[in-house]
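In this note's numbering, the protein residues as written are 1 to 324. Worksheet: one structure, shown below.
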């Protein structure tokens with residue numbers, strides 16, 4: 001059984017290799033999945049670097065989300081051989097076969113293609129949970145950076161369905177048209193020297209209640225500039241890996257709140273029923289065709305180095321996927 005693994009932390013394009021691993025049979029309550037496609041998320045990349053919120057024991061298999069077909073079940077498992085499922089696995093998904101607890105897998109409707117299904121349970125579910133956590137009154141706005149990523153796209157589309165106002169900040173001017181093509185408006189490029197004034201003009205006198213930062217560094221302070229008094233800055237990610245730069249005066253005089261949001265911890269706190277509801281809502285949204293998750297490229301396992309380079313390339317336009 002082939003897998004993409006690493007024996008040391010470091011740059012993914014340097015430390016990841018394809019290895020042979022023994023085939024594993026599922027135990028009680030487990031299923032074995034033959035992987036069709038696996039996603040390369042930003043947190044997967046950072047995990048290989050050794051800089052994420054947890055560090056796996058080495059050697060480790062990369063990845064955390066995939067879609068595939070069940071090819072074996074353990075005693076007591078209710079899912080059946082032949083069912084297509086999306087699944088999460090902190091112990092790795094970049095493998096031809098993965099054994100997981102049945103609770104980690106979710107059946108995927110036939111109307112959702114593999115290219116979408118392999119992205120659904122991590123970033124879009126996180127986006128929905130994040131949106132649910134915001135304290136918004138009628139007419140309030142949310143501003144988010146990295147708006148053309150999977151989380152940004154999902155949050156914008158979900159917010160539209162709820163008739164909420166979202167101001168989307170992207171870096172590349174060309175991303176404005178890309179988002180417009182899938183129905184996302186109110187987008188501004190941060191490469192525009194006067195982008196903050198344009199953002200304020202777009203919102204007008206309305207209140208910007210929440211800001212979502214996925215970049216870190218100076219970008220967090222840029223969002224704080226836009227927030228209204230008593231607003232909250234939610235730290236969702238750190239694409240730059242840089243420490244937050246925040247103006248203490250803004251926090252003080254606008255009485256802003258700053259908090260983090262890590263979906264992994266949320267999923268540990270909520271009940272199985274609440275988790276199932278999140279999955280059900282996202283799957284329904286995807287099945288309706290309203291959720292568009294672009295793909296930046298599909299790479300074979302043996303081309304993992306090229307896949308990691310592609311993931312780290314600015315303007316790739318979508319998720320990098322791996323096919324066994």
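All residues carry an ideal CB built from backbone N, CA and C; glycine is no exception. Computed from a predicted structure; not experimentally measured.
Checklist line | Between the CA atoms of residue 3 and residue 59 - distance to the nearest angstrom | finding: Between residue 59 and residue 3, the alpha-carbon positions lie close to 12 Å from each other.
Notebook entry, point to check: How long is the line joining the alpha carbons of residue 281 and residue 203, rounded to whole angstroms?
Noted result: Looking at the two C-alpha atoms, the distance is approximately 29 Å.
Check: I think residue 85 touches residue 107, with their Cβ atoms under 8 Å apart; what is that distance to the nearest whole Å?
Finding: Contact flag correct, Cβ pair sits at about 6 Å.
Check: Can you tell which of 118, 167 and 221 has the C-alpha that lies nearest to the C-alpha of residue 245?
Finding: Nearest C-alpha to residue 245: 221.
Note to self: With H, G and I counted as helix, E and B as strand and the rest as coil, what does DSSP make of residue 218?
What the structure shows: Correct three-state label for residue 218: helix.
Notebook entry, point to check: Along the chain, where does the alpha helix (DSSP H) that runs through residue 307 open and close?
Noted result: Counted as a single uninterrupted DSSP element, the alpha helix (DSSP H) harbouring residue 307 occupies residues 304 to 311.
Check: When the distance is taken between beta carbons, is residue 29 closer than 9 Å to residue 72?
Finding: Not in contact: residue 72 and residue 29 (Cβ atoms no closer than 9 Å).
Next item on the list: Return the CA-CA distance between residue 266 and residue 199, expressed in angstroms with no decimal places.
Entry: If you take the alpha carbons of residue 266 and residue 199, they lie about 31 Å apart.
Next item on the list: Might you give, ordered along the chain, the residues of its own chain that have their beta carbon closer than 7 Å to the beta carbon of residue 219, omitting 5 neighbours on each side?
Entry: These residues qualify, in order along the chain: 145 and 213.
Notebook entry, point to check: At which residues does the beta strand (DSSP E) containing residue 71 begin and terminate?
Noted result: First-last of the beta strand (DSSP E) with residue 71: 65 to 73.
Note to self: If contacts are defined as beta-carbon pairs under 8 Å, then residue 1 and residue 95 qualify, I think. What distance do you get, rounded to the angstrom?
What the structure shows: That pair is a contact at about 7 Å.
Next item on the list: Give me the Cβ distance between residue 239 and residue 129, rounded to the nearest whole Å; I'm assuming they're in contact under 8 Å.
Entry: Not really, about 20 Å apart at Cβ, beyond 8 Å.
Check: With 9 Å set as the bound, which would you pick, yes or no: does the beta-carbon of residue 47 sit closer than that to a beta-carbon of chain C?
Finding: This model lacks chain C altogether; it includes just one protein chain.
Next item on the list: State the start and end residues of the unbroken alpha helix (DSSP H) segment that holds residue 2.
Entry: That residue, residue 2, is in no alpha helix (DSSP H); its beta strand (DSSP E) goes 2 to 6.
Margin query: Taking the beta carbon of residue 39 as the centre, do at least 16 other beta carbons fall within 10 Å, making it buried, or is it exposed?
Written below: Looking at its Cβ environment, which holds 16 or more other Cβ atoms inside 10 Å, residue 39 is buried.
Notebook entry, point to check: For residue 166, which residues of its own chain have a beta-carbon under 6 Å away from its beta-carbon, when the five flanking residues on both sides are left out?
Noted result: Hits under 6 Å: 142, 156 and 159.
Margin query: Tell me the rounded alpha-carbon separation between residue 34 and residue 115.
Written below: In this structure, the alpha-carbon of residue 34 lies about 15 Å from that of residue 115.
Check: Nearest to residue 302 by CA position, among 13, 236 and 8, is which residue?
Finding: Among 13, 236 and 8, the Cα nearest to that of residue 302 belongs to 13.
Check: Going by C-alpha distance, which of 164, 211 and 290 is nearest residue 260?
Finding: Restricting attention to 164, 211 and 290, the CA atom closest to the CA of residue 260 is found in 211.
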